[in-house]
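These notes concern the structure reproduced below.
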Amino acid sequence: MNITVQCRFRGMRQMAARLEQIAAPAGNLVSSRLGGSLPGVEFVLTDRAGVDRLRHEAHADLGGPGKPTTIRSRIATKIKSRRAFATTAMTSSGAVILVNTPDHRGDLRQFDRTIVHELVHAVQFNLPGAREQHIAYLRMCASRTPDRAFLRDYERLIDDREREAEHLETLARQLPKGP
């Protein structure tokens, strides 16, 4: 697991040190609970704008839309990125976890839960068939004539995966205690 810091703010060094401490144990907890393996994961500690920009770049690299294509989706993306502590995006070599560090404001317990939550999504992306299905979804989103049934079914799966990740945030209690 690789960690990159793209922004500076008070408490950033503490969060980067905490991430180095918990990344491997959290990955092991999540992998063993889900019965899957963790792909190659890169963590990027950034701000809201960085999360949004890097997520769209990762999607574009896999054939999805580089930017939201309609006014409605642009608004929805901005709302999601404002509320999101982090997001996980699939990459050609695994997954990138983009952490909106200023929103954690030094709350390391929330930071731990966020890391566990996003690692669950990384393992979900690495389950058999999940990678191909997600790439098909991204390409369908970029298509001028999307298959609405496929989109609806895949978005239900996304909701199910989100609920599973929220439920497994409790694994953060088993991580090593912070400084």
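Okay, so the sequence shown: first residue is 310 according to my numbering, each after it adds one.
Note that CB positions come from ideal geometry on N, CA and C, so glycine has one too.
- The shortest CA-to-CA distance from residue 397 to any of 337, 431 and 423 is the one to 431.
- Residue 368 counts as buried, since no fewer than 16 other beta carbons sit within 10 angstroms of its beta carbon.
- 407 is the residue among 418, 422 and 407 whose C-alpha sits nearest the C-alpha of residue 353.
- Contact check between the segment 415-431 and the segment 471-480: three or more CB pairs, one atom from each, fall below 8 Å, which counts as touching.
- Residue 409: member of the beta strand (DSSP E) spanning 403-409, first to last residue.
- By alpha-carbon distance to residue 370, the top candidate from 417, 443 and 467 is 443.
- Distance between residue 318 and residue 327, taken at the CA atoms: about 15 Å.
- The Cβ atoms of residue 417 and residue 483 do not sit closer than 9 Å to each other.
- The Cβ-Cβ distance between residue 350 and residue 310 falls below 9 Å.
- The continuous beta strand (DSSP E) containing residue 351 extends over residues 349-355.
- 440 is the residue among 440, 320 and 415 whose C-alpha sits nearest the C-alpha of residue 403.
- Secondary-structure assignment with DSSP links residue 399 through a beta bridge to 404.
- Assignment of residue 479 by DSSP, reduced to helix, strand and coil, places it in the helix class.
- Taking the Cα positions, residue 435 is about 7 Å away from residue 347.
- Judged by DSSP in its simplified three-state form, residue 337 adopts helix.
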